[in-house]
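**Student:** For reference, the structure I am asking about is given below.
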Amino acid sequence: MADIEKVRYAQLDLLSELKRICEKYNISYFLVGGTLIGAVRHNGFIPWDDDIDVGMFRKDYQRFIKACYIELDSEYKIYDWKIDPASPLPFLKLKIKGTHYREELSKDILMDDSIFIDVFPFDNAPDSNILRKIQEIRIYVIRKILLLRCGFSIGDVGRIKKLLYRILLLISKIRTVNAWKDSCMKIMTAYNDVVTKCVVDMCGAYSYKKELKDRKFLQEMKYHKFENLDVCIPKNYDQVLREIYGDYMKLPPVEQQVSRHGISFIDLGNYSIHNKK
């Protein structure tokens, strides 16, 4: 079995466990990003993809974390930057204990590297375009600061960006990592106590503008096939996907049909490949 297939089988186990807990505790969740495209276009993984992304409104996200501490099967664990000080990532990962899965960008970082799926919180976005732009800039800068401070590779960039990142790295050292994390969380949740039209995933791979969604498009769900599971996707998935990807049903050029993450190392340990549910 190829490495990517081993990872996928393990990730399906994790998705099945997430689904079980969410259904038991009436917690709303939905597939997002490339995982949502995979469900709609392929009834499962995009053939060259190797991750699973799930979204939740912040209140459901917090309820899910609490439910995991009570309900999570013993072979799994939850993981975020509160649990691992070395992590700069402001979202939850559901992981399989005793496994190892290294991506190229973080292969040299001393942090938990278990096989995982990502769970992204969606927070309220202000209705004012000016306030949105301020929030967008602040979260972009502080997330870059956290990545640099925690030793993550930014990838190949031009001279100007390289200089900017050097400046941000110097700035990052004037405060502790935890202080930066607290600031990041305050920015992300700043509008969660007021009613707003839109929500935004500030942890996603795309720009703030692309990750911004009208709340109504994420409030109604339906079940859809993803490999051997029936999981929740937004009823308005077409609108959600077109805002980010355009014609998402059209396959990209062959040269772009590659994983964005780049697997550098896999070790399943004592975990056996199976799908329990």
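Just so it is clear: in the sequence shown, position 173 is 173 by full-length UniProt numbering, and no numbers are missing.
Note that the Cβ used here is the ideal one computed from N, Cα and C, for glycine as well.
(1) Less than 7 Å between the C-beta atoms of T99 and Y245, yes or no?
(2) So, under 8 Å CB-CB, R58 and P121 are touching, yes? Tell me the CB distance rounded to an integer number of Å.
(3) Can you tell me which of the three DSSP states V40 falls into?
(4) Count the other CB atoms within 10 Å of the CB of I187; is the residue buried (16 or more) or exposed (fewer)?
(5) Check this for me: beta carbons of N124 and V199, under 7 Å apart or not?
(6) Here's the rule: buried if 16 or more other CB atoms are within 10 angstroms of the residue's CB, otherwise exposed. What is D201?
(7) Can we say the stretch 144–151 touches the stretch 159–178, given the rule of at least three CB pairs closer than 8 Å?
(8) Quick check on the burial criterion: 16 or more other C-beta atoms within 10 angstroms. Buried or exposed for A39?
(9) Where does A190 sit, in a helix, a strand or coil, going by DSSP?
(10) Nearest CA to the CA of K162: which residue from Q239, V177 and K144?
(11) Would DSSP call F64 helix, strand or coil?
(12) Indicate the three-state DSSP secondary structure (helix, strand or coil) for C232 in the structure shown.
(13) CB of I142 to nearest heavy atom of the ligand NAP: below 6 Å?
**Tutor:** In this structure, then:
(1) Position 99 of the sequence shown, counted from the start, is the residue given in the question as residue 99. Position 245 of the sequence shown, counted from the start, is the residue given in the question as residue 245. Result no, Cβ atoms of T99 and Y245 do not sit closer than 7 Å.
(2) As a first step, residue 58 is located in the sequence shown; it is residue number 58 there, counting from the start. As a first step, residue 121 is located in the sequence shown; it is residue number 121 there, counting from the start. With a Cβ gap of about 5 Å, R58 and P121 count as contacting.
(3) Your numbering for residue 40 matches position 40 in the sequence shown. If DSSP states are grouped into helix, strand and coil, V40 belongs with the helices.
(4) Looking up residue 187 in the sequence shown gives position 187. It is buried - the Cβ of I187 has at least 16 other Cβ atoms within 10 Å.
(5) One-based indexing of the sequence shown puts residue 124 at position 124. One-based indexing of the sequence shown puts residue 199 at position 199. Their beta carbons are under 7 Å apart, which means N124 touches V199 by this criterion.
(6) Counted from its first residue, the sequence shown places residue 201 at position 201. It is buried - the Cβ of D201 has at least 16 other Cβ atoms within 10 Å.
(7) yes
(8) As a working mapping, residue 39 is identified with position 39 in the sequence shown. Per the 10 Å Cβ criterion, buried.
(9) For the purposes of this step, residue 190 is taken as residue 190 along the sequence shown, with counting starting at 1. Looking at A190 - three-state DSSP - the assignment turns out to be coil, as it is neither helix nor strand.
(10) Counting from 1 along the sequence shown, the entry for residue 162 is found at position 162. The residue with the shortest Cα to Cα distance from K162 is K144.
(11) Residue mapping note: residue 64 aligns to position 64 of the sequence shown, counting from 1. It is helical.
(12) Sequence index remark: in the sequence shown, residue 232 carries index 232 (1-based). Reduced to three states, the DSSP call for C232 is strand.
(13) Within the structure as shown, the ligand NAP is missing, as the structure has no ligands at all.
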